[in-house]
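Single-structure report; data block below.
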């Protein structure tokens, strides 16, 4: 039973829909290979593979292309296993969008033929930002033909650092979340300050120019989708989706809602609630109550590890909106991650 | 008005559907770079780019990534312009599937991360055939969730030669069509005989092993889709789709229907009707009556140039099934190709 002092969803978004779809945008930024930036992989170099392995897990139910388990380096189940559990529960086939990865995925993806994001301290991070934005628009239009609710997640290791840079460059006093229990704030700040000097020196102020300078390939694709999608759009993620929402707002489009886990809200090193107010984005927080689910790795989400990823919060919200009880959702997650141990 | 002695469609397939979808599978085989094999490009080397340029034309309405016109080297409008005209008429967003291309497409594609097909005279043509077949199954399942009629085209320059090899290896006495007015039969035969010696020497008889040895990347993806798709499936193409139908049959699945142009049926150098009888596949022939449409390049389809490609026949059938009159279809094609001159 879910503890009754904490609801499963902070507020019911009351969305009307008949044809829901779950997508997740995969991308890399070379920043994830800077030692200490990202906990989304066993080594800095291997963080580049995480989106591919996560997509494989969610699509196939297991990772067969490499001898790895769907756990974080510290032994927590990955957010991807939560997303997998939800897709299995609600019988939806998620569609992955490849915005720019270091290696080819092992499952089919809707590919926009982008590139790994460059290090924004040294050069433009996303040189092809205009093409990616336009291809995002194509995807938004295309998906509008066959769905009326789109829950859109992301998997970009190192992406909270690009989100920090983008939010700051857009004028928000952001501090951002992390998959580490101890958020490497000083390292992110150091990168961000170097980037801000470059952005200011170049006089970059237009939204897509900011993404070109210091974003990652996921962002323009997500913003393009938000521009064109005609149904209900839910951005599923934490501070990275806040950066997308800020970008969408700066581009003059209607800001979509966000769904994320309560663990992102409760991250004291980030200012998610304050930022969402400033951007004017409504966030729905999902609290799956991992603390008493009987799984040590999941319980560590509650003390600040992992927190979110691969649209896990949005996937749980989607299951809830489809009528699955918090008990059924929690039981399915427990069953799924227990099978990987 | 369409001449009344020749119907627009050889027979009405009477398909019931509410959510139609048009997809086309893009692929390369290195065989298209053998001089004289393929007319689908200005030089043998540049035939590798044709699927990308065709997809760009259909998606965007024009080719902007390279300074080329959507005409064949001999000045006929490409089949892709016919497909573009139809998508524009019926307001369907086509989805391209990248089965294995030499370069990255310029528009979003559902990518299965295959490779360019190798020269089957020297080595296995499609080493990753099993992965491509399984990813085709994923696509068929995925597309079943949002559509109940799938018209599936292809664009594989050099693909009639791989089709010839596959049909022969599957035991059919095939002769195949060509985009050339003078079908380079002796060259194709020479390649096919070399390949057959290799296939027989290796004792290859299983369907997917035959594709691995001498097919192209489009084929296993199409067969996987046919295996999993639950709605009405129409393979849109000529002899290349006959090879897919033969593969599907050999794999023990229900053989889908085929839609193609009457120009493929009327190709005296191929034996399409005889082959379709042997495979047990029903073919619907679309005759758009290009001879009196007032466009010289289109009229040359009637004397055996180009004939078919990019699912053009299936795209015209789809417009017809959606209730557009032959007159409206012909007028739209004329308007579209005239704008490119």
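Residue numbers (the working numbering), protein chains in the order written: chain C, 1 to 341; chain D, 1001 to 1341. In this text, a Cβ means the ideal position worked out from N, Cα and C, and glycines have one as well.
Could you tell me if residue i is buried or exposed, where buried requires 16 or more neighbouring beta carbons within 10 angstroms of its beta carbon?
i	result
residue 1217/D	buried
residue 1244/D	buried
residue 64/C	exposed
residue 277/C	exposed
residue 1211/D	buried
residue 1043/D	exposed
residue 305/C	buried
residue 40/C	buried
residue 1329/D	buried
residue 240/C	buried
residue 1202/D	exposed
residue 19/C	exposed
residue 183/C	buried
residue 327/C	exposed
residue 325/C	exposed
residue 74/C	exposed
residue 107/C	buried
residue 205/C	exposed
residue 1226/D	buried
residue 271/C	buried
residue 333/C	buried
residue 1273/D	exposed
Leaving out five residues on either side along the sequence, give the residues of the same chain with a beta carbon under 6 Å from the beta carbon of residue i.
i	result
residue 1322/D	1090
residue 1092/D	1022
residue 1259/D	1234, 1236, 1284, 1313, 1314, 1317
residue 1/C	At residue 1/C, the pLDDT of 43 sits below 50, so the modelled position is not reliable; the number obtained from the coordinates is stated separately. For residue 1/C, where only same-chain residues beyond five positions count, there are no Cβ hits under 6 Å.
residue 1300/D	1076
Spatial neighbours of residue i within its chain, please: C-beta separation below 8 Å, excluding the five flanking residues on both sides.
i	result
residue 132/C	99, 100, 112, 114, 126, 217, 220, 221, 224
residue 172/C	246, 275, 278, 279
residue 3/C	For residue 3/C, the predicted structure reports a pLDDT of 46, less than 50, and the residue's modelled location is therefore unreliable. A value from the coordinates is still provided. Counting only Cβ-Cβ distances below 8 Å, and skipping sequence neighbours, we find 289, 292.
residue 1049/D	1041, 1066, 1102, 1103
residue 1157/D	1028, 1029, 1032, 1038, 1040, 1041, 1047, 1048, 1050, 1051
residue 192/C	161, 164, 165, 168
Does the beta carbon of residue i come closer than 7 Å to any beta carbon on chain D?
i	result
residue 301/C	no
residue 168/C	no
residue 330/C	no
residue 265/C	no
Of all Cβ atoms in chain C, is any one closer than 7 Å to the Cβ of residue i?
i	result
residue 1084/D	no
residue 1003/D	In this prediction, residue 1003/D has a pLDDT of 46, which is less than 50 and means its spatial position is unreliable; what the coordinates show is noted afterwards. It does not; no Cβ of chain C falls within 7 Å.
residue 1123/D	no
residue 953/D	Outside the shown range of chain D, which is 1001 to 1341, sits residue 953/D, and nothing can be said about it.
residue 1197/D	no
residue 1135/D	yes
Can you pull the chain A neighbours of residue i, defined as C-beta to C-beta under 9 Å?
i	result
residue 95/C	No chain A appears in this structure, whose protein chains are C and D.
With a CB to CB cut of under 7 Å and the five nearest residues on each side skipped, what residues in its chain are close to residue i?
i	result
residue 1338/D	1295
residue 1229/D	1140, 1143, 1144, 1150
residue 68/C	53
residue 1308/D	1079, 1237, 1238, 1260, 1261, 1263, 1264
residue 130/C	208
residue 1118/D	1030, 1124, 1125
Checklist entry - In the stretch 1140-1152 of chain D, which residues sit with their C-beta less than 8 Å from some C-beta in chain C, listed in chain order? => result For the stretch 1140-1152 of chain D, the set of residues with a beta-carbon nearer than 8 Å to any beta-carbon of chain C comprises 1141, 1142, 1145, 1146, 1147, in chain order.
Next on the checklist: Output needed in chain order: residues of the stretch 1104-1118 of chain D with a Cβ under 9 Å from some Cβ in chain C.
Outcome noted: Residues of the stretch 1104-1118 of chain D with a C-beta atom less than 9 Å from some C-beta of chain C are 1104, 1105, 1106, 1107, 1108, 1109, 1110, 1111, 1112, 1113, listed in chain order.
Checklist entry - Would you call the stretch 20-36 of chain C and the stretch 284-298 of chain C in contact, with 3 or more CB pairs under 8 Å? => result Contact between the stretch 20-36 of chain C and the stretch 284-298 of chain C is absent, because fewer than three Cβ pairs lie under 8 Å.
Checklist entry - At a cut of 8 Å, does the stretch 1050-1064 of chain D reach the stretch 1292-1302 of chain D through at least three beta carbon pairs? => result In short, these stretches do not touch, since the Cβ pair count stays below three.
Next on the checklist: Could you check whether the stretch 1259-1273 of chain D touches the stretch 1173-1193 of chain D, counting it as contact only if at least three pairs of C-beta atoms, one from each stretch, sit closer than 8 Å?
Outcome noted: In short, these stretches touch, since the Cβ pair count reaches three.
Next on the checklist: When you compare the stretch 1072-1086 of chain D with the stretch 1045-1062 of chain D, are there three or more beta-carbon pairs, one atom per stretch, that lie closer than 8 Å?
Outcome noted: The answer is yes - the stretch 1045-1062 of chain D touches the stretch 1072-1086 of chain D, with three or more Cβ pairs under 8 Å.
Checklist entry - Taking a cut of 7 Å between CB atoms, which residues from the stretch 222-238 of chain C lie near chain D? => result Answer in chain order: no residues at all.
Checklist entry - Using a Cβ cut-off of 8 Å, which residues of the stretch 1057-1080 of chain D contact any Cβ in chain C, in chain order? => result The residues in question are 1059.
Checklist entry - Of all the residues that make up the stretch 1154-1186 of chain D, which are near chain C by a beta-carbon distance shorter than 8 Å? => result Going along the stretch 1154-1186 of chain D in chain order, one finds no residue with a Cβ nearer than 8 Å to chain C.
Checklist entry - What residues in the stretch 1010-1030 of chain D have a beta carbon less than 9 Å from any beta carbon of chain C? => result Taking 9 Å as the Cβ-Cβ cut-off against chain C, the residues of the stretch 1010-1030 of chain D that qualify are 1019, 1021.
Checklist entry - Going along the chain, which residues of the stretch 270-304 of chain C sit with their C-beta nearer than 7 Å to a C-beta in chain D? => result Of all residues in the stretch 270-304 of chain C, none has a Cβ within less than 7 Å of some Cβ in chain D.
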